[in-house]
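Visitor:
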Amino acid sequence: MKNMPELPEVETVRRILTPYVLNKKIIKVQILADKIIKGEKDFAQKIIGQSFTKINRRGKLLIFQLFPSNLYLCAHLKMTGQLMYANKNVFKVGGGHGDNRIDFHLPHQYTRAIFIFEDKSKLFFNDLRLFAYLKIVDKKILEKIYSAYGIEPGLENFNWNNFKNLFKKSQRSLKAFLLDQSKIAGLGNIYVDEICYYAKIKPMRKISDLSVTEIKRLYTACKIIIAKAIDHCGTTFQHFKIMENGKVKKGGFFNYLQVFRQEGKACKRCGSKYLIKKIKFAGRGTHFCDHCQA
Ligand SMILES: [Zn+2]
Numbered sequence: 286m287k288n289m290p291e292l293p294e295v296e297t298v299r300r301i302l303t304p305y306v307l308n309k310k311i312i313k314v315q316i317l318a319d320k321i322i323k324g325e326k327d328f329a330q331k332i333i334g335q336s337f338t339k340i341n342r343r344g345k346l347l348i349f350q351l352f353p354s355n356l357y358l359c360a361h362l363k364m365t366g367q368l369m370y371a372n373k374n375v376f377k378v379g380g381g382h383g384d385n386r387i388d389f390h391l392p393h394q395y396t397r398a399i400f401i402f403e404d405k406s407k408l409f410f411n412d413l414r415l416f417a418y419l420k421i422v423d424k425k426i427l428e429k430i431y432s433a434y435g436i437e438p439g440l441e442n443f444n445w446n447n448f449k450n451l452f453k454k455s456q457r458s459l460k461a462f463l464l465d466q467s468k469i470a471g472l473g474n475i476y477v478d479e480i481c482y483y484a485k486i487k488p489m490r491k492i493s494d495l496s497v498t499e500i501k502r503l504y505t506a507c508k509i510i511i512a513k514a515i516d517h518c519g520t521t522f523q524h525f526k527i528m529e530n531g532k533v534k535k536g537g538f539f540n541y542l543q544v545f546r547q548e549g550k551a552c553k554r555c556g557s558k559y560l561i562k563k564i565k566f567a568g569r570g571t572h573f574c575d576h577c578q579a
């Protein structure tokens, strides 16, 4: 199964693109698949003549601030989206779901939209499965979109008080809870399993049964795991790729995974006697050590 880019992967894409796409007027927009545009009939008209002044991110959503209209272009990569920038020297940077065979030739069969800047450089929005989307919103709608997201590691709202309050009176499993974007934004399957391992708590536990000490460990784990994953440009298994200077790179947090897709391997905390298990839980492959996670 493919893994959706999570907070660290989307943040990596944001950081890679930012130096290249800002403050250049967009002179043309080509839409190659209408399906990726959400809700706008005059999408291209609203973009042409504008520049991106900033790329923000909330959870797994990228938000390009448009000037002078003060509108916002939201881009969600979903499972297989990719944003790639190329200038006339065929210099390429970007990231997302990738396939080595085609990444070097832009546009390719999965290119769904192309933004052309006044210096003739281009931003390509590619998506294999057509779940990714682009959407233009005004400030009021953007605020509404933001309000649907929960607290987020790295933002001010991610503090101990807000975090512990989320755990009150819920019968849900820890796994389902951590995956809920309206509670904590940006986490997906990889990082939820890693966070539970770090905190020494089984993902199947009911959150109403967790002690304050355990919740505190989870709070610390969220911050540490997400920060470390961002530092290493996310996690690559197969499809998430980063392109810099025309070279494909991998998300290096792969080397630090303790449980995710490590089933059958010895637990690094407990030693060779105890193997990492994988079960299906909350509809997702769930990885843990039966011995050191309570
Ligand atoms: Zn263990």
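In the numbering used here, the protein residues as written are 286 to 579.
Where is the CB? At the ideal position from N, CA and C, for every residue including glycine.
Everything numeric in this text was worked out from a predicted model, so none of it was measured.
1. For D384, which of helix, strand or coil comes out of DSSP?
2. Determine contact between the stretch 545-562 and the stretch 491-500, defined as no fewer than three beta-carbon pairs at a distance below 8 Å.
3. The beta strand (DSSP E) spanning T498 covers which residue range?
4. Between I426, L415, F328, which has its C-alpha nearest N397's C-alpha?
5. Taking the C-alpha atoms as reference points, what is the distance between P488 and G570?
6. Among N444, G439, T520, whose alpha-carbon lies nearest the alpha-carbon of G473?
7. From what residue to what residue does the beta strand (DSSP E) around L302 run?
8. Which residue spans inside the stretch 362-445 form an unbroken alpha helix (DSSP H) run of at least 4?
9. Please go through the same chain and pick out, in chain order, the residues whose beta-carbon is closer than 6 Å to the beta-carbon of D575, but skip the five residues on each side of it.
10. Ignore the nearest five residues each way along the sequence and tell me which others in A484's own chain have a CB closer than 6 Å to its CB.
11. Within 10 angstroms of its Cβ, does A433 collect 16 or more other Cβ (buried), or is it exposed?
12. Just to confirm, does T518 get its C-beta within under 7 Å of one of the non-hydrogen atoms of ligand 1?
13. Thinking just about the alpha-carbon of each residue, which of I436, K454, N288 is nearest to the one in N446?
14. State the beta-bridge partners of L464 as determined by DSSP.
Guide: Taking the geometry as given:
1. coil
2. no
3. Per DSSP, T498 belongs to no beta strand (DSSP E); it is in the alpha helix (DSSP H), 497-516.
4. This sequence places Arg at residue 397; Asn is not what is there. It is L415.
5. 11 Å
6. T520
7. Premise fails: L302 lies in the alpha helix (DSSP H), 292-306, not in any beta strand (DSSP E).
8. 385-388, 424-432
9. K562
10. R502, L503, A506
11. exposed
12. For the record, residue 518 in the displayed sequence is Cys; it is not Thr. Outside the cutoff, so no.
13. I436
14. According to DSSP, L464 bridges with nothing at all.
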